[in-house]
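**Q**
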Amino acid sequence: MSRPSPLVVFITGTSSGIGEALALHRARLGDTVFATMRNLDAGSTLEKIAAEENLDLRLLALDLTDDESVTRAVSDALDQTGHIDVLINNAGISTIQTVEGSLAAARETFEVNYFGMLKTITAVLPSMRERRSGTIINVSSVTGVVANAGSGAYAASKHAIEAMSESLALEVISLGIRVIILEPGFIATPIFPKAQGGEPPSGPYAKHIRRGRLIYSDPAKRAMPAVTVAEVVAGALTDPEPKLRYYAGSAKPLMHGRRRTSDEEWLSLGQVADDDDEAWFALIAKTVNLALVEE
């Protein structure tokens, strides 16, 4: 099979983790990659590898909370190449807090994860519509389908991405533009240790905050490498039978486990005694078929 023609790929959140893996993987396939991040100083590793391997990987500053920054980054990319074939919306932040937690932190989570994604989409879409060609890949999460205590704001932002992406896919399919929802499971990235702990592990929700942190720390011990997501993206872009959703890592078995679990069984997780984290882990393992993740 012949290799597909090189693409122009614009990726957000490439300073580490999934974004960094995506940028390097696409560039190594011969694509022109615009690797964006809020602070260009964080891109020194990418720059070094790109120089050593002679990759067409170009760093751009992009702050998703700044409208002008988004517009400027997309305009710079279009000025350099004339078009963008693939937009990969990867950037995001994670928050560990209950629904009664910080409203400011919840707003920040949505500002970056959801509204930031909307900004890049609306900046890139006009050029894709004009060419009647392009692919938009929105990175969601298993948490966009399976929400746990202590993940309200983060899970809600990912649920919003799922809904928006379905609407967008319907709106642009007749314009020659494809939308892909990418749902990673537990992937070994800095998002686990960097998760924003907006609440102290004390008070009426102490067990949920503590266990929320455990959910983020423990899966990292058995998480798939970030390049797994890049490989799924490569397969999705060349799939002879294009789909709306693609899964990476543990996402599919976790979602399957939740779907076969009744709401009543799921709610029983919230009733496990405050001092019995071991019982909670055993119950969640049984409930969402976590054994499949650990294999």
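In UniProt numbering, the protein residues as written are 1 to 295. Glycine included, every Cβ here is placed at the ideal spot set by N, Cα and C. As the structure is a prediction and not an experimental result, all values here were calculated from the model.
1) Exposed or buried, which one is Q271 when buried takes at least 16 other CB atoms within 10 Å?
2) Could you pull the start and end residues of the alpha helix (DSSP H) that V9 belongs to?
3) Measuring only between beta-carbons, confirm whether L87 sits less than 9 Å from chain B.
4) Let me know if N54 comes out buried or exposed under the rule of 16 or more other beta-carbons within 10 Å of its beta-carbon.
5) Per the DSSP calculation, T135 is bridged to which residue(s)?
6) What do you get for D79, buried or exposed, if any count of 16 or more other CB atoms within 10 angstroms of its CB means buried?
7) Figure out for me which residue from L254, L182, D275 and V172 has the closest Cα to the Cα of I209.
8) Closest to I18 by C-alpha separation, out of M255, S268, A236 and V227, would be which residue?
9) Beta-carbon separation of L182 and Y246 under 9 Å?
10) Should the segment 155–167 be called in touch with the segment 126–144, which here means at least 3 C-beta pairs below 8 Å?
11) With a threshold of 8 Å, are at least 3 pairs of Cβ atoms found where one atom belongs to the segment 98–117 and the other to the segment 38–57?
12) Can you list the alpha helix (DSSP H) stretches of 4 or more residues lying completely in the segment 3–76, in chain order?
13) For G116, count neighbouring C-beta atoms within 10 Å of its own C-beta (all shown protein chains included) and say buried if the count is 16 or more, exposed if not.
14) Under three-state DSSP, which class holds E183?
15) Whose C-beta lies closer than 6 Å to the C-beta of A248 among residues of the same chain, with five residues either side of it excluded?
16) Once you ignore the five residues that flank S140 on each side, which residues in its own chain have a CB closer than 6 Å to its CB?
17) Starting from A248, trace the beta strand (DSSP E) in both directions and tell me its first and last residue.
18) Should I11 go down as buried or exposed, given a rule of 16 or more other Cβ atoms within 10 Å for buried?
19) Nearest-angstrom Cα distance between M164 and I121?
20) Quick one, which of R213, I173, R26 and F110 has its alpha-carbon nearest V86's?
21) Is D263 near the ligand FMN - that is, is its Cβ less than 8 Å away from at least one heavy atom of it?
22) Tell me the DSSP secondary structure of I93 in three-state form.
23) Going by CA-CA distance only, name the one from P242, L60, P6 and T261 that's closest to I137.
24) Our contact map puts K119 next to D76 with C-beta atoms below 8 Å; I'd like the distance itself, whole angstroms only.
25) Quick one: what does DSSP say P225 is sitting in, helix, strand or coil?
26) Under three-state DSSP, which class holds S151?
27) Quick one: what does DSSP say E295 is sitting in, helix, strand or coil?
**A** Per the coordinate set shown:
1) Here Q271 is exposed: its Cβ has fewer than 16 other Cβ atoms, across all protein chains shown, within 10 Å.
2) Not the alpha helix (DSSP H): V9 falls in the beta strand (DSSP E), residues V8 to I11.
3) Of the protein chains in the structure, only one exists, and it is not chain B.
4) exposed
5) For T135, which the question treats as bridged, DSSP gives the partners V86 and R178.
6) exposed
7) D275
8) Ranked by Cα distance from I18, the first of M255, S268, A236 and V227 is V227.
9) Contact: yes.
10) yes
11) no
12) Qualifying alpha helix (DSSP H) stretches, in chain order: 17–28 and 44–53.
13) Burial call: buried.
14) strand
15) P184, T228, V229 and V232
16) K158, I161, E162, I181 and E183
17) Run containing A248: R245 to A248, per the beta strand (DSSP E) assignment.
18) Taking every protein chain shown into account, the CB of I11 has 16 or more other CB atoms within 10 angstroms, so this residue is buried.
19) Looking at the backbone, the Cα of M164 and that of I121 are separated by about 11 Å.
20) R26
21) This structure lacks the ligand FMN; in fact it carries no ligand of any kind.
22) coil
23) P242
24) That belief does not hold up - the Cβ atoms of K119 and D76 are roughly 15 Å apart, past 8 Å.
25) strand
26) strand
27) Residue placement at E295 is poorly supported in this model, since its pLDDT is 36, which falls under 50; the coordinates still yield a value, given next. Of the three classes helix, strand and coil, the one that applies to E295 here is coil, per DSSP.
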